[in-house]
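Residue 28 is where the sequence shown starts when you use my numbering, and the numbers rise one by one after that.
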Amino acid sequence: MKYWKNVETDIGSSNMEGHNFSEFNHQIEDFELAWAYPFGDKSLRELIAKEYGVETKNVMVTVGASEANFIVCLALLEKGDKVIVENPAYQTLAEIPRGLGFEIEVLERRYEDAFEFDLARCLEMMRGGARFAILCNPHNPTGVATSENDLKEIAEMAEEQDSYILADEIFRDIMSEGRPPLSYSLSDRFIVTASISKVFGMGGLRLGWVIAQEDLIEKFEGVKEYISVASATPSEQIAKLTFMNRKELLERAWGFVQNNRPIVKGWIESNECVECSTLGVVNFCFPKLIGVDEVQFGRVAAEKYKTLIAPGRFFGLPSHFRLGYGMRTESLEKGLENLSLALNETSS
Ligand SMILES: Cc1ncc(COP(=O)(O)O)c(C=O)c1O
Numbered sequence: 028m029k030y031w032k033n034v035e036t037d038i039g040s041s042n043m044e045g046h047n048f049s050e051f052n053h054q055i056e057d058f059e060l061a062w063a064y065p066f067g068d069k070s071l072r073e074l075i076a077k078e079y080g081v082e083t084k085n086v087m088v089t090v091g092a093s094e095a096n097f098i099v100c101l102a103l104l105e106k107g108d109k110v111i112v113e114n115p116a117y118q119t120l121a122e123i124p125r126g127l128g129f130e131i132e133v134l135e136r137r138y139e140d141a142f143e144f145d146l147a148r149c150l151e152m153m154r155g156g157a158r159f160a161i162l163c164n165p166h167n168p169t170g171v172a173t174s175e176n177d178l179k180e181i182a183e184m185a186e187e188q189d190s191y192i193l194a195d196e197i198f199r200d201i202m203s204e205g206r207p208p209l210s211y212s213l214s215d216r217f218i219v220t221a222s223i224s225k226v227f228g229m230g231g232l233r234l235g236w237v238i239a240q241e242d243l244i245e246k247f248e249g250v251k252e253y254i255s256v257a258s259a260t261p262s263e264q265i266a267k268l269t270f271m272n273r274k275e276l277l278e279r280a281w282g283f284v285q286n287n288r289p290i291v292k293g294w295i296e297s298n299e300c301v302e303c304s305t306l307g308v309v310n311f312c313f314p315k316l317i318g319v320d321e322v323q324f325g326r327v328a329a330e331k332y333k334t335l336i337a338p339g340r341f342f343g344l345p346s347h348f349r350l351g352y353g354m355r356t357e358s359l360e361k362g363l364e365n366l367s368l369a370l371n372e373t374s375s
C-alpha cells in the first residue's frame, strides 16, 4: 500500500489487466436511482445464475467478494466454532474469522509440495471438530487449484459433520481449461464467493456475489441489510454488460495469461536467486527468494525501479513474493527487467 500510487509497474497484483468504461460504448439503458435491491438486480442475478448453472434464488449480489466473504462469516459462524484457514493465504480470509474472535486452525500449503492442498490434514481438522473452513480455489497467492476429487471428499466430510465450507472462487474463471467445478455444484455445504474484480480487472465496480442454498442466501441478505444494504445500481448495470460480453472478455484475459506464462517461467529459470515449485494455473505465482531479503528487495524494486511486488509476509510466508502476470506483455517484460536489477542489488 505504501508504494502503490508511486510505481509505474505493479507486478505483484492478482488482477487481470483492467478496462475502461468507454470500451463498452456506453451501452447502458436507463435505470432507477431511487432504490437498489439487497439481493441484487434481478436480471444481473439471472445472468450470474445462468453462467454458473444455478438458480436465481441461489445468488446474492455483493459489494465485491470482500463483502461476500465477510457476510458469510458473520451470518454462519457461531460462538465456539473452530475455523480452518489456509496459510499462506489472502490475508483477509484468515483475518475475518480471527478478527471476529473465533478459534483458528491453520492448514498449511507447503512450498516443497508445490503448494498442493493438504486434503488429509483438512479432513482430520474437520473430523476433529472444525465446523467451518475457508478455502480459496484457485488459491491466492500460490495460483494452485484444488482438484474435483479433493472437493468431493471435503463435501462428503462436511455433510457428515454438518459443517460448511466457504469457497472463495474469485480466480476460477481465469483458468481457460481444466477448471475445477463450481464447488456448490458438488454439494450445498459449499458457499461460493466471487466477483468481477480479478478476471475482468474491474475492481473499481465493487461487484461480487455469493452462491449458496436458498435459506443461506436469505440469512446473508439479512446481514447485508446491516452493512451495505444493497450494491450500487450503476455497478450492477455495468456488471450486466460484462456478463453479456463475457466470452470476449474471458478470451482477452486468457490470452494474456497464455502469452505471459512462458515469459515468467523463463525469467524464473534464468534467475539464480529465484525458484518456484509451481507456476500454478492462473495469472500469478509465488516464487521463493534465495539469498535475498524480501523486504529490501521489495523496497529497492519500488523506490528505485518503480516496480511493485507483493511481499510474502503479506500472505503469511516471508521469503516469497507474489508475481502477477495478467497484464500486457510489454508491462510484464519491463517489470521483470526491473526486478532483475533489484535482485542484482539485493542478493548476497
Ligand atoms: C482471494 C480473494 N478474495 C477476495 C478478494 C477481494 O475481491 P473484491 O475486489 O471482489 O472485493 C481478493 C482480492 O485480492 C482475493 O484475492
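C-beta atoms are modelled at their ideal positions from N, C-alpha and C, and glycine is treated no differently. For clarity, every value in this text was computed on a predicted model and none was experimentally measured.
Check                                                                                                                                                : Outcome
Taking buried to mean at least 16 other C-beta atoms within 10 Å of its own C-beta, is G282 buried or exposed?                                       : exposed
Three Cβ pairs or more, each shorter than 8 Å: is that satisfied between the stretch 28-47 and the stretch 232-251?                                  : no
Unbroken alpha helix (DSSP H) runs of length 4 or more, entirely within the stretch 264-339: which are they?                                         : 273-297, 321-330
Please indicate yes or no: does the CB of R279 lie closer than 8 Å to some heavy atom of ligand 1?                                                   : no
What do you get for R199, buried or exposed, if any count of 16 or more other CB atoms within 10 angstroms of its CB means buried?                   : buried
With H, G and I counted as helix, E and B as strand and the rest as coil, what does DSSP make of D242?                                               : helix
By the DSSP assignment, the alpha helix (DSSP H) with M186 in it spans what residues?                                                                : It should be noted that the sequence gives Glu, not Met, for residue 186. E186 -> alpha helix (DSSP H) spans 175-188.
At a cut-off of 8 Å, would you count S120 as near ligand 1, judging by its Cβ distance to the nearest heavy atom?                                    : Note on identity: in this sequence residue 120 is Leu, with Ser being the wrong assignment. For ligand 1, at least one heavy atom lies less than 8 Å from the Cβ of L120.
Is any heavy atom in ligand 1 found nearer than 8 Å to the beta carbon of G293?                                                                      : no
Count the CB pairs spanning the stretch 80-95 and the stretch 239-251 that are closer than 8 Å, and state whether there are at least three.          : yes
What's the gap between the Cα of F348 and the Cα of W62?                                                                                             : 43 Å
Leaving out five residues before and five after F97 in sequence, what residues of the same chain have Cβ atoms less than 7 Å from its Cβ?            : I123
For the stretch 295-306 and the stretch 67-80, state whether three or more C-beta atom pairs, one from each stretch, are separated by less than 8 Å. : no
On a CA-only basis, which of I75, E296, I244 is nearest R216? Give me that one, please.                                                              : I244
Is T269 near ligand 3, with its Cβ less than 8 Å from a heavy atom?                                                                                  : Ligands displayed in this structure: ligand 1; ligand 3 is not among them.
Of all residues in the structure, which have a C-beta closer than 5 Å to any heavy atom of ligand 1, taken in chain order?                           : G91, A92, S93, Y117, C163, N167, D195, I197, S222, S224, G230, G235
CA-CA distance, E113 and D57?                                                                                                                        : 44 Å
Grab me the residues of F313's own chain with a C-beta within less than 6 Å of its C-beta, minus the 5 sequence neighbours each way, in chain order. : P168, T169, H347, R349
I'd like the list of long-range same chain contacts for T83, defined as Cβ closer than 8 Å, with 5 residues on each side in sequence excluded.       : K69, R72, E73, A76
At which residues does the beta strand (DSSP E) containing V112 begin and terminate?                                                                 : 109-114
Residue range of the beta strand (DSSP E) that L134 falls in?                                                                                        : 130-135
For the beta strand (DSSP E) containing F217, name the first residue and the last one.                                                               : 217-222
Could you tell me whether the Cβ atoms of L213 and L162 are closer together than 9 Å?                                                                : no
Check whether the stretch 170-185 and the stretch 144-153 touch, using three or more Cβ-Cβ pairs below 8 Å as the test.                              : yes
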